[in-house]
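Here's the structure, in structure tokens; my notes come after.
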Amino acid sequence: MNTNKIFALAFNFFRHWKVRENRVTLIEKLDTGGVGSLFDIQKECERRGLPLSFHVIRHGDYEVSLRNLPGLFALFTKKAYYMATSAHIFLNDNFMPMAYMDIAPETTVVQLWHGMGSFKKFGGSTDLEPELLSELKQVNENVTHILASSEHIRKNYAEAFCVPEGKVLAIGCPQADYYFRNHDVREVRKRLEEQFPQMKGKKLALYAPTFRDDAEKDRELLSHFDFEKFNRQCGEEYCLAVRLHPQIQSSKVPEQVPDLTGYPDVRELLLMTDLLIADYSSIAVEYSLLERPILLYAFDKEWYLDKDRGFYYDYEDTAPGPILTTMDDLCGCIRRQGWEIDKVKAFARLHNDFFDSQSARRVAEFYFPPGCLGTETAPENAGTFANEKYQRKETIQNMKIIAGLGNPTDQYKGTRHNVGFMAIDRLSEAEGIAVNQHKHKAMTGSGFIGGQRVLLMKPLTYMNLSGESIRAAADFYKVEPEDILIIYDDISLEPGMLRIRKKGSAGGHNGIKSIIKHLGCDTFPRIRVGIGGEKHPGQDLADYVLGHFSGEEKELLDEALDKAVKAAQLIAADEIDEAMNRYSVGKKKRAKVNEEV
Numbered sequence: 003m004n005t006n007k008i009f010a011l012a013f014n015f016f017r018h019w020k021v022r023e024n025r026v027t028l029i030e031k032l033d034t035g036g037v038g039s040l041f042d043i044q045k046e047c048e049r050r051g052l053p054l055s056f057h058v059i060r061h062g063d064y065e066v067s068l069r070n071l072p073g074l075f076a077l078f079t080k081k082a083y084y085m086a087t088s089a090h091i092f093l094n095d096n097f098m099p100m101a102y103m104d105i106a107p108e109t110t111v112v113q114l115w116h117g118m119g120s121f122k123k124f125g126g127s128t129d130l131e132p133e134l135l136s137e138l139k140q141v142n143e144n145v146t147h148i149l150a151s152s153e154h155i156r157k158n159y160a161e162a163f164c165v166p167e168g169k170v171l172a173i174g175c176p177q178a179d180y181y182f183r184n185h186d187v188r189e190v191r192k193r194l195e196e197q198f199p200q201m202k203g204k205k206l207a208l209y210a211p212t213f214r215d216d217a218e219k220d221r222e223l224l225s226h227f228d229f230e231k232f233n234r235q236c237g238e239e240y241c242l243a244v245r246l247h248p249q250i251q252s253s254k255v256p257e258q259v260p261d262l263t264g265y266p267d268v269r270e271l272l273l274m275t276d277l278l279i280a281d282y283s284s285i286a287v288e289y290s291l292l293e294r295p296i297l298l299y300a301f302d303k304e305w306y307l308d309k310d311r312g313f314y315y316d317y318e319d320t321a322p323g324p325i326l327t328t329m330d331d332l333c334g335c336i337r338r339q340g341w342e343i344d345k346v347k348a349f350a351r352l353h354n355d356f357f358d359s360q361s362a363r364r365v366a367e368f369y370f371p372p373g374c375l376g377t378e379t380a381p382e383n384a385g386t387f388a389n390e391k392y393q394r395k396e397t398i399q400n401m402k403i404i405a406g407l408g409n410p411t412d413q414y415k416g417t418r419h420n421v422g423f424m425a426i427d428r429l430s431e432a433e434g435i436a437v438n439q440h441k442h443k444a445m446t447g448s449g450f451i452g453g454q455r456v457l458l459m460k461p462l463t464y465m466n467l468s469g470e471s472i473r474a475a476a477d478f479y480k481v482e483p484e485d486i487l488i489i490y491d492d493i494s495l496e497p498g499m500l501r502i503r504k505k506g507s508a509g510g511h512n513g514i515k516s517i518i519k520h521l522g523c524d525t526f527p528r529i530r531v532g533i534g535g536e537k538h539p540g541q542d543l544a545d546y547v548l549g550h551f552s553g554e555e556k557e558l559l560d561e562a563l564d565k566a567v568k569a570a571q572l573i574a575a576d577e578i579d580e581a582m583n584r585y586s587v588g589k590k591k592r593a594k595v596n597e598e599v
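In my numbering, the protein residues as written are 3 to 599.
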């Protein structure tokens with residue numbers, strides 16, 4: 003039974019129902035036991051009092067068995083309906099049915115990915131079978147954003163998910179918030195010691211190896227760890243426990259060793275751990291946030307580096323601690339405390355930009371801005387383990403809007419009056435921000451330009467009513483007029499010329515008249531792109547602006563659009579004066595050009 007295609011078929015059936023603005027679907031494709039980034043987002047939204055309705059699709063819903071027949075029925079009916087009519091969908095893994103789904107334009111799909119950082123290569127960065135790679139690309143064409151924990155890893159995530167880099171937003175990993183809050187570790191440890199009495203009075207060393215993409219090697223994995231030798235040489239100080247990766251099904255933990263593979267919350271487990279013994283697992287990225295000792299027991303390093311997936315960064319140069327290939331080396335390193343906390347800190351800062359408890363808040367505010375759907379409470383104060391000097395990006399940047407004016411439908415595509423749309427298309431391509439969401443009476447796409455949060459817009463109201471769309475987006479995101487950049491056509495400028503201004507009148511342009519009317523002011527910046535109407539005094543103005551560019555004009559327009567993109571990038575970075583100096587044609591220069599023509 004191909005549950006992926008069956009579920010997609012059910013989804014596409016319910017796709018004809020109306021999308022509900024307050025409906026959110028969480029897809030727990032990787033079973034996390036109801037914890038992690040997905041549910042941290044839900045808790046943050048609930049704490050803020052947002053009137054959202056959350057629906058969860060869990061890993062177990064996909065079990066094909068007689069005992070799960072009721073679950074499969076609910077999956078293909080009720081849950082498919084809720085997902086198809088959700089305005090927001092959050093994932094924690096690649097959800098393959100999406101390769102065959104017709105996602106509504108007004109639905110935002112966000113990949114939260116269960117792993118932090120980009121240690122070991124995955125997805126499109128590995129040698130996938132062509133059919134699987136094609137399916138992965140189809141899945142992520144439907145994803146609006148992929149969230150990352152650092153600017154450093156955006157390129158790696160773009161490769162892994164087969165998407166433009168502009169789709170990857172570095173606004174934090176919500177599940178990391180846990181490590182920067184206050185917890186009663188003693189109480190948690192007490193509960194664990196009741197289950198495993200051998201832990202009492204000892205430090206906890208956690209051995210957490212990852213899978214090998216090889217069934218035989220996974221089965222033999224624990225045979226390479228000498229548990230008896232560890233207990234003889236280090237057992238007086240440490241109690242050794244094991245947590246296997248969920249994909250390791252065949253390797254058996256010795257009976258005398260605490261098996262914490264099924265422990266419900268890995269974050270809680272890491273919080274109790276005094277020493278992490280990893281190998282190539284991304285669990286080291288999370289644990290590094292605690293700035294505690296990490297050792298890498300890589301007994302098969304040569305094989306792994308040569309035969310397996312590989313790493314985004316040099317394994318040995320960026321390792322968070324000593325790389326040890328024998329049990330004698332491992333035990334000796336522990337006895338002499340040979341770990342290097344400075345390496346742990348450097349590793350943490352390679353994979354993370356945020357050392358606070360506010361990532362869930364950042365994500366919630368990005369997709370549900372203050373004032374959206376109801377009244378939100380102020381964020382809670384939270385303690386942190388990290389030194390203040392390492393805290394970065396603590397506040398969410400305000401949204402800026404960049405809108406290009408034009409008329410929708412293919413009838414007007416490529417006409418002079420639609421150069422604003424063309425500029426947004428060019429900017430979208432340059433920054434990798436997909437403009438495919440139908441919101442605020444416009445096609446929109448959100449992302450970052452040079453670290454600044456932006457919304458790209460192409461109003462669908464037709465030119466003369468552009469203000470309705472711009473005002474709707476400005477109200478939703480609480481954007482001031484000074485942070486709204488409008489790109490549009492200007493018949494008084496020759497093709498290829500730009501004029502950039504911080505404010506000004508409509509100058510006879512109906513789209514700008516509408517925006518001024520709806521915003522109640524003219525203090526918004528604008529980029530005017532020349533279409534050269536003054537050279538055709540005998541032609542009807544409407545026919546001219548709704549006509550297409552000549553071959554010569556297209557070459558000039560292409561140059562102008564490139565300049566408009568560069569100017570917009572500068573303006574997004576609060577460098578409008580620099581944009582004007584570089585790309586704007588003033589009155590004197592324009593007159594000189596006209597005389598030469």
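Just so you know, even glycine gets a beta-carbon here, dropped at the ideal spot from N, CA and C.
Item	Value
Contact between the region 474-490 and the region 348-364 (3+ Cβ pairs under 8 angstroms)	no
Meets three-Cβ-pair contact criterion under 8 angstroms: the region 338-354 and the region 25-44	no
Under the three-state DSSP convention, the category residue 585 falls into	helix
Rounded separation between residue 133 and residue 140 - CA only	11 angstroms
Through-space distance from residue 337 to residue 50, alpha-carbon basis	48 angstroms
Top-ranked residue by Cα proximity to residue 417, from 492, 476 and 347	492
Selection from 344, 576, 508 and 217 that minimises the alpha carbon distance to residue 455	576
Completely contained alpha helix (DSSP H) runs for the region 335-377, where each covers 4 or more residues	343-353 and 361-369
Proximity of residue 106 and residue 170 at Cβ, strictly below 8 angstroms	no
Residue 70 to residue 124 span [Cα, whole Å]	31 angstroms
Proximity of residue 368 and residue 155 at Cβ, strictly below 8 angstroms	no
According to DSSP, residues forming a beta bridge with residue 30	60
Backbone CA spacing between residue 586 and residue 467 [nearest angstrom]	27 angstroms
Buried versus exposed, by CB contacts within 10 Å (16 or more), residue 411	exposed
Neighbourhood of residue 572 by C-beta distance below 8 angstroms, restricted to the same chain and skipping five residues each side	578, 580, 581 and 584
Distance between residue 144 and residue 53 (C-alpha atoms, nearest Å)	26 angstroms
Within 8 angstroms, strictly: CB atoms of residue 278 and residue 296	yes
Residue 488, enclosing alpha helix (DSSP H) - first and last residue	Note, residue 488: premise wrong, no alpha helix (DSSP H); beta strand (DSSP E) at 486-492.
Coarse secondary structure for residue 472, derived from DSSP in three states	helix
Collapsed DSSP secondary structure at residue 55 in the structure displayed	strand
Sequence-distant residues of the same chain with beta carbon closer than 6 angstroms to residue 214, five excluded per side	220
In DSSP terms, what residue 91 is bridged to	27 and 111
DSSP three-state assignment for residue 428, whether helix, strand or coil	helix
Through-space distance from residue 262 to residue 197, alpha-carbon basis	11 angstroms
Collapsed DSSP secondary structure at residue 574 in the structure displayed	helix
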